[in-house]
Structures are given as C-alpha cells and as structure tokens.
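Under UniProt numbering, the very last position in the sequence shown is 296; numbers go up by exactly one each time. Ideal placement from N, C-alpha and C gives every residue a C-beta, glycine not left out. The structure under discussion appears below in the form of structure tokens.
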Amino acid sequence: MPECRYSHSGKTQASLIINTLAKYGIASKVGYHVGDNATSNNTCLSYLSRRLRDDYGLTFDPSKRHIRCIAHIINLSLQAFLLASSKEALIAALNATDDTSNDQLFAQFYDTLHDAGQTTRTDKAHQRRRASRRGNHILKNFTGWQHIAPLRKVHNIAVWIRKSTLHSAIWDDKIKLRLGIDNATRWNSWYRLLDNFLRYQSRIKQFLIDHNRELQDDILLASEWEFIERTHRFLQPFASATLLAEGARSTLSQSLSIMDVLLRQYEKYKELYSSKENHNHHMVHCIDMGWFVLNK
1 MPECRYSHSG KTQASLIINT LAKYGIASKV GYHVGDNATS NNTCLSYLSR RLRDDYGLTF
61 DPSKRHIRCI AHIINLSLQA FLLASSKEAL IAALNATDDT SNDQLFAQFY DTLHDAGQTT
121 RTDKAHQRRR ASRRGNHILK NFTGWQHIAP LRKVHNIAVW IRKSTLHSAI WDDKIKLRLG
181 IDNATRWNSW YRLLDNFLRY QSRIKQFLID HNRELQDDIL LASEWEFIER THRFLQPFAS
241 ATLLAEGARS TLSQSLSIMD VLLRQYEKYK ELYSSKENHN HHMVHCIDMG WFVLNK
C-alpha cells in the first residue's frame with residue numbers, strides 16, 4: 001500500500017485505495033473494511049463506494065461492509081453510561097432513536113449532546129441556567145457520574161491525591177498503591193479505579209477518617225461503598241470483554257457473542273434499578289444511554 005502523506009482525510013485514503021485496486025486488478029474482489037471507528041473511515045468508504053460504482057459498475061455498501069472495532073464500541077457505550085460526555089457516543093444514541101414514540105428521549109439526548117464536553121465553570125453555570133429554564137430533570141438525568149454521588153466522590157478523591165505532591169506522598173505511605181484516575185479516553189479506567197478502591201477498601205476507609213477535614217464532603221458512606229461494589233460488578237464484564245476482543249485470536253463470531261452478553265448485562269441492571277426495592281431513576285437513564293450505543 002502506498003504511504004498516505006500529508007492529508008489523512010477519508011477522500012485521500014480512498015483515492016490511494018482505489019488506485020491500488022486498479023494497479024492489481026482486484027477491484028471486483030473488494031469485500032469488507034476492517035478498521036477503527038474514526039469518522040475519516042466512514043468518509044473513505046463512502047467515497048470508495050462511489051468510485052467503485054462509477055469506475056467499475058460495482059455495488060459496495062459502505063455501511064454494511066464496515067466492520068468496526070468492538071473494543072471501541074464497548075468503550076463508547078460505557079462513556080454514554082458513565083460519563084454522558086462523549087459526543088460520538090451520544091450521536092450514536094441519537095441515531096438509534098428514530099420513531100416519534102421516542103420524541104421525548106430524543107429531545108433529552110439532544111440537549112445533553114449540546115452540553116457535552118463543556119467543562120469550564122462558566123459553561124457549567126450556563127448549563128445550570130439552561131436546565132432551570134427547561135426543567136432540572138433533563139440535566140440531572142443525563143450528566144453522567146457527576147450526579148452519581150459515590151462516583152463523584154471517588155473522582156474527587158483521586159483528583160485530591162494528584163493535585164499535590166504532599167497529598168500523593170501521604171497517600172502512597174498509607175495505602176501503598178497508586179490509585180489512578182478516571183479518563184474518558186482510557187478504556188476501562190473507571191473499572192480499574194473502582195477496583196483499586198475495593199481491593200484496598202479497609203486502608204482507604206481509615207485514610208478517609210484520618211483526613212476527614214481535608215476531604216470533607218467526599219467521605220464515602222457505607223451505602224456508597226455498597227453502590228461502588230455494585231457498579232464494579234456491573235463494569236467487570238465490560239472490562240473482560242475489552243481484553244478478550246483485543247486478543248490476537250478474537251473472531252467476528254466472538255464479537256457477536258460479546259455484544260449479546262453485554263446487552264443482557266445492561267438489561268439485567270435496568271431491571272434491578274427499575275424495581276421498587278432498588279429504584280434509581282438516574283441509573284435507569286444511564287443504562288438506557290449505554291444500551292442504545294451498544295445496540296446500534
């Protein structure tokens with residue numbers, strides 16, 4: 001294959017591919033494109049489809065012939081569930097809501113998408129003002145872990161540790177573990193963060209008691225530790241599936257099985273949080289968002 005120099009746009013990539021197909025006389029043998037979920041790949045395949053039709057009279061469906069990265073799809077789904085801040089994930093969710101019966105959900109997804117990725121204090125204040133004008137329930141239901149108290153506290157503790165070398169040194173001396181931090185672009189970062197919290201739970205509980213004054217509102221309650229354990233159990237299959245999908249022996253049939261297992265995981269926990277005993281309106285909406293992206 002020729003080097004893709006200067007521009008990596010989808011059209012540039014498609015031009016190089018079509019020239020290579022012509023050079024070797026194999027245009028009629030084009031099957032499927034295997035690659036990541038970068039939008040440039042969508043553009044590339046659309047342009048390639050037009051060239052194959054115009055130059056060779058061949059039909060190539062750019063959507064059906066694009067085999068996407070299963071690990072990336074899993075990560076986008078979890079971003080929609082945990083973070084509600086991935087524009088790509090929310091666009092996928094929007095595209096999955098199509099009929100008028102989903103109008104209300106569609107509108108709520110749209111509002112969230114509009115606000116996604118806004119991280120400055122000014123932007124957050126603007127979001128709160130918008131929320132008050134259109135009803136607080138929309139922002140509350142669709143802003144991710146920031147409105148899930150146990151996860152917000154875990155995040156704040158991780159930030160507190162990292163924002164000062166003194167804090168880091170105190171933590172290292174007492175806990176003997178680098179906690180890590182959640183990251184929207186690092187696959188399974190939330191699972192690893194919660195896993196570390198639970199593996200060193202007794203030490204961390206004592207640390208929080210010792211530093212109650214500094215951490216104040218981020219001290220975890222007993223019920224919040226229980227929530228962290230349940231969230232950890234929920235995320236575990238997604239972490240395992242990502243590792244399995246990254247393996248050298250991963251197959252297409254395996255990817256389909258993984259999707260089925262993870263969709264059932266979402267449905268299982270939606271049933272749990274929809275029950276009277278464990279009802280959590282926010283969690284149900286988060287699960288809906290993750291399910292939409294994965295099911296797409």
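Nearest-angstrom Cα separation, counted from L82 out to C286: Reading the sequence shown from its first residue, position 286 is the one you call residue 286. Reading the sequence shown from its first residue, position 82 is the one you call residue 82. Here the alpha carbon of C286 sits roughly 7 angstroms from the alpha carbon of L82.
In three-state DSSP terms, what is I148? Here the question's residue 148 lines up with position 148 in the sequence shown. Assigned with DSSP and collapsed to three states, I148 falls in coil, not helix or strand.
What is the C-beta distance between Y200 and L177, in whole angstroms, given that I count them as a contact (C-beta under 8 angstroms)? As a working note, residue 200 is residue 200 in the sequence shown. As a working note, residue 177 is residue 177 in the sequence shown. The distance from the Cβ of Y200 to that of L177 is about 6 angstroms, consistent with a contact at the 8 angstroms cut-off.
Taking just the CA atoms, how far does D36 sit from A96? Mapped onto the sequence shown, residue 96 falls at position 96. Mapped onto the sequence shown, residue 36 falls at position 36. Unreliable positioning characterises A96 in this predicted model, as indicated by a pLDDT of 49, which lies under 50. The coordinate reading is nonetheless provided below. So the alpha carbons of these two residues sit roughly 20 angstroms apart.
Assuming K270 and V284 are in contact, meaning their beta carbons sit under 8 angstroms apart, how far apart are those beta carbons, in whole angstroms? What you label residue 270 is simply residue 270 of the sequence shown in a count that begins at 1. What you label residue 284 is simply residue 284 of the sequence shown in a count that begins at 1. That pair is a contact at about 6 angstroms.
Would you tell me roughly how many angstroms separate the C-alpha atoms of H155 and P2, rounded to the nearest one? In the sequence shown, the residue the question calls residue 155 occupies position 155. In the sequence shown, the residue the question calls residue 2 occupies position 2. Using only the alpha carbons, I get a separation of about 45 angstroms.
So for I161, helix, strand or coil by DSSP? Counting from one through the sequence shown, the residue named residue 161 turns up at place 161. Reduced to three states, the DSSP call for I161 is helix.
Identify whether V30 lies in helix, strand or coil by the three-state DSSP scheme. Here residue 30 refers to the residue found at position 30 of the sequence shown. Correct three-state label for V30: coil.
Sorted by chain position, which residues of the same chain lie with C-beta nearer than 7 angstroms to N280's C-beta, five sequence neighbours on each side aside? What you label residue 280 is simply residue 280 of the sequence shown in a count that begins at 1. Closer than 7 angstroms at Cβ, skipping near neighbours: Y273.
Distance cut-off 7 angstroms: Y269 Cβ against heavy atoms of the ligand ZN: Absence of the ligand ZN is noted for the structure shown, with no ligands found whatsoever.
Considering only residues of the same chain and omitting the five flanking positions on each side of Q254, which have a CB-CB separation below 8 angstroms? Looking up residue 254 in the sequence shown gives position 254. Counting only residues of its own chain and dropping the five nearest sequence neighbours on each side, Q254 has a CB closer than 8 angstroms to the CB of L244 and A245.
Checking 8 angstroms against the spacing of the C-beta atoms, do T181 and L193 come in under that value? Your numbering for residue 181 matches position 181 in the sequence shown. Your numbering for residue 193 matches position 193 in the sequence shown. Correcting the residue identity first, residue 181 is Ile in this sequence and not Thr. Yes, these two residues count as a Cβ contact at 8 angstroms.
Please classify I26 as buried or exposed, where buried requires at least 16 neighbouring CB atoms within 10 angstroms. Numbered from 1 along the sequence shown, position 26 holds the residue referred to as residue 26. Residue environment: I26 is assigned as exposed (fewer than 16 neighbouring CB atoms within 10 Å of its CB, all protein chains considered).
Could you work out which residue in A71, I161, I73 and L48 is closest to D61 when comparing CA atoms only? Here residue 61 refers to the residue found at position 61 when the sequence shown is read from its first residue. Nearest option by C-alpha distance: L48.
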